[in-house]
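Residue 491 in the UniProt record's numbering is what sits at position 491 of the sequence shown, and the numbering runs on without skipping anything. By construction, the Cβ of each residue, glycine as well, lies at the ideal position given by its N, Cα and C atoms.
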Amino acid sequence: MEGDVKLLPVHCPVVWAEKRQSLCDALPYFKMHQGSLYSKQLIPKGFLIDGEFTYRDMMNTDIVITSLGGGRARTADGDMERVRECRRPALNSILKAWKEDIPIAVIVGRNYPLLPVQAPHAYNVLDWFNVTDLWVERESRNGVFIHKVRLERTNRIAKPWWQPSGSILSDLSYSADCAAVWAWCVECKQPSKTIFDGDIWTCLHKNCTRAFQFQPEMDTNKLVYSAVFINERTAFVPPHEALRPALPVLWENSCGTEIEFRCGIVCPKCFGCSRRRNWDRWVYETPGCPFVLIAPPPPYPLCRVEKENWEFNARKCLKQSRVGEHVVASRLTIGAYSAYQFLLADIKDALKVIGSVHVFRATAVTNARDEGPNSLWNEIQLASNQGFGLQRNPVRLAGHKSEVLTRHFQQNWGAPYKFVVNVLSKSFEEAPDAILKALMRLRWAGRESVRCTTQSLATDFVEFNELLSLGYMEGDRIGYHDDGEDTLGPTVATLSLGSPALMAFRIKKKHNSDQREVLRFPIYHGDMVVMHGTDIHQFYEAYPAGMRRFAMTSRNIVLDTLDEHTRLEAIRKGNLPERAHGWQYDGL
Ligand SMILES: [Zn+2]
Ligand SMILES: [Zn+2]
């Protein structure tokens, strides 16, 4: 095969993707970011074949013979050889598919050399296949067992797209008049098919001492499967599930941010898989396809957030609050808020406070005030559907087929801030009113928190010139991240709107080699949290507990650390427009 130029396929794949995350986001039958066999509740759904292959592996328009999983290593002379057997769960899953005739969607990666045609995309869905045979062979050098599986196209009525263009399908693709002969092992008394050319038979059961045993002079690497075995055909019941999932539609009472809407789609024009990058729509990811599916999430009422709070509080297993031994907790009243103050001490010097965390607990009264969290919630839900710009950005391997997008939607306002990834910032001037109102609240909370810690921490409050808005749909979260970069002032404040979440903190390595969390608490709609002290801004929000949440987080971007061009941009974008001063917040 090598050296030959492969022909183009007769038509385009039924479904395809250029990114692994797009594939997994869009297809219900392949949600596997690593590994090759995807099972859901022990039922196999999808199988990705990419890169590696071993002796006798093959692929034609109806049949795939491949080896299952297992580890590989490079031998002394540079070849790859199998050093570990297929893992038990994957094997059990394939066994189940075989015994119960469960169809599996087969996907082929661009790197797989045995596809009969040029692979048009990084990931190409072939079709549904059924398992017809499962047996063991042995690596000739080290004797490791290799599990092999023969898959047959479930429904052979449709023409396979991976047929080389211009070729004619042989009749064998539709029916067969042959079947391999079975024989019983004298040792284990189990039957095995005669699968090798030249009527060569061996026991194919791993638990038998005669498994894959031949005459000593036989070079097993030269064995080939017989045409009779390859050309066997079986009648299967076609699956109900479509290879090309339908576009999501809102159902009664759905809010449009459920997991079903957070997933990707298969473009109905080009059949490419596309992640949901934007809060209010799906846009096809690769230039060239104009398809856009507008999907603004309808308003999510606060009575449903209230219900989520009840459910969240009932999940006792989450151990929702935790105060570590180097943390001193106390309660204060700040403005109309009942607040918790946590002082985090240096592990080597318990008297030295390295940072503080203040939690401002909202109440039904503070939330319901004019321009308060309830009205901000409504305003932001509207604004986020009207050009607000919340989107997911690459967090790893941008542009690569393994590119990963954030698990939340972002838009930065004011001074530009490199948060995990570079996010283009919009100016405060063009920000919706709700963003400016949130900013004014956070400035108040930041100022008050710093005032309450001047006894322990010397730094003054520096006004925020940046606000990062994050949108979370069901199941979204943000991992531990280091906020305290050199370009940031010592204070970070966040306002939570909508569904509840857990917030947890670790202390930076230079102060504490123990990287377990030192503080954890739940946050609810309207709560504000202020972190002060550059050494503690390593926090995360975990255990998403609802359908929709916005986090508004403000920081001070230190202008002196920026280059000339960025500094001018930061000053211009971080400049507070006149109207913002009308929303000064006084803590009530
Ligand atoms: Zn046997
Ligand atoms: Zn498209």
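Counted within 10 angstroms of its Cβ, other Cβ atoms place residue i as buried (16 or more) or exposed
i, result
"W161", "buried"
"Q391", "buried"
"L64", "For the record, residue 64 in the displayed sequence is Val; it is not Leu. Buried."
"H326", "buried"
"G288", "exposed"
"D171", "Per-residue confidence for D171 stands at a pLDDT of 48, beneath the threshold of 50, marking its modelled position as unreliable; the derived number appears in the next sentence. With fewer than 16 other Cβ atoms within 10 Å, it is exposed."
"M552", "buried"
"E306", "exposed"
"E448", "buried"
"P544", "buried"
"M218", "exposed"
"N111", "exposed"
"T61", "buried"
"Q381", "buried"
"N412", "buried"
"L588", "exposed"
"P113", "exposed"
Residue i in three-state terms, based on DSSP
i, result
"W279", "coil"
"M32", "coil"
"A445", "helix"
"I354", "strand"
"V9", "Correcting the residue identity first, residue 9 is Pro in this sequence and not Val. In the structure shown, P9 sits in a strand (DSSP, three-state: E or B)."
"P522", "strand"
"W310", "helix"
"Q381", "helix"
"C452", "coil"
"V64", "strand"
"E466", "strand"
"V305", "helix"
"R141", "coil"
"R262", "helix"
"A295", "coil"
"W583", "helix"
"E578", "helix"
"I102", "coil"
"A73", "strand"
"A17", "strand"
"K269", "coil"
"L376", "helix"
"L439", "helix"
"D133", "strand"
"D535", "coil"
"D460", "coil"
"D79", "coil"
Opening and closing residue of the beta strand (DSSP E) in which residue i lies
i, result
"residue 624", "Residue 624 lies beyond the range of the chain shown here (1 to 588); nothing can be said about it."
"R110", "Unbroken run through R110: none, as it is neither H nor E."
"G46", "43–49"
"R20", "Counting along the chain, R20 falls outside any beta strand (DSSP E), though it belongs to the alpha helix (DSSP H) covering 20–26."
"T333", "327–334"
"T494", "488–498"
"F342", "337–346"
"F505", "501–506"
"V530", "528–532"
"Y38", "37–40"
Segment limits, alpha helix (DSSP H) that includes residue i
i, result
"H565", "564–574"
"residue 594", "The structure shown does not extend to residue 594, since the chain is modelled only from 1 through 588, so no value can be given for it."
"V228", "227–231"
"V224", "Segment: none, V224 is in no alpha helix (DSSP H) and carries neither H nor E."
"R365", "It is Val, not Arg, that sits at residue 365 in the sequence shown. It spans 364–368 - the alpha helix (DSSP H) in which V365 sits, taken as one unbroken run."
is_contact[residue i, chain B] using C-beta, thresh 8 Å
i, result
"I43", "No chain B is part of this structure, which consists of one protein chain only."
Counting Cβ pairs, one atom from each stretch, are 3 or more of them under 8 Å apart for the region 403–420 and the region 458–472?
-> Taking one beta carbon from each stretch, the region 403–420 and the region 458–472 have 3 or more pairs nearer than 8 Å; the two touch.
Can you list the beta strand (DSSP E) stretches of 3 or more residues lying completely in the region 384–436, in chain order?
-> Within the region 384–436, the complete beta strand (DSSP E) runs of at least 3 residues are 394–396, 409–414.
Please go through the region 155–219 and give each complete beta strand (DSSP E) segment of 3 or more residues, from N-terminal end onward.
-> Here the runs fully enclosed are 182–184, 191–193.
Three-pair Cβ contact test at 8 Å for the region 16–23 versus the region 394–405 | Touching, per the Cβ criterion.
Tell me, please, whether the region 93–112 touches the region 122–130 by the rule of three or more beta-carbon pairs shorter than 8 Å.
-> The way I'd put it, the region 93–112 does touch the region 122–130; three or more beta-carbon pairs between them come closer than 8 Å.
Are the region 182–193 and the region 75–82 touching by the rule of at least three beta carbon pairs closer than 8 Å?
-> Counting Cβ pairs under 8 Å, fewer than three are found: no touch.
For the 8 Å Cβ check, are there 3 or more pairs between the region 336–356 and the region 568–580?
-> Flag = no, the region 336–356 and the region 568–580 do not touch.
Determine contact between the region 485–497 and the region 526–537, defined as no fewer than three beta-carbon pairs at a distance below 8 Å.
-> Result yes; three or more Cβ-Cβ pairs closer than 8 Å.
Counting pairs of beta carbons, one from the region 271–280 and one from the region 288–307, are three or more of them closer than 8 Å?
-> Touching, yes.
Could you tell me whether the region 136–155 touches the region 49–68, where touching means 3 or more Cβ pairs closer than 8 Å?
-> Three or more beta-carbon pairs drawn from the region 136–155 and the region 49–68 are found closer than 8 Å, and the two stretches are therefore classed as touching.
Taking three-plus beta-carbon pairs below 8 Å as touching, is the region 201–217 in contact with the region 228–245?
-> Touching, no, given that fewer than three Cβ pairs across the two stretches are closer than 8 Å.
For the region 249–259 against the region 358–376, are there 3 or more C-beta pairs whose distance is under 8 Å?
-> Taking 8 Å as the limit for Cβ pairs, the verdict is that the region 358–376 does not touch the region 249–259.
Within the chosen definition, does the region 446–458 reach the region 498–509 through at least 3 CB pairs nearer than 8 Å?
-> No: the two stretches stay apart, fewer than three of their Cβ pairs being nearer than 8 Å.
Would you call the region 516–523 and the region 433–452 in contact, with 3 or more CB pairs under 8 Å?
-> In short, these stretches do not touch, since the Cβ pair count stays below three.
Evaluate the contact criterion for the region 91–98 versus the region 38–52: three or more CB pairs, one atom per stretch, below 8 Å.
-> Counting C-beta pairs with one atom in each stretch, the region 91–98 and the region 38–52 have three or more that are closer than 8 Å, which means they touch.
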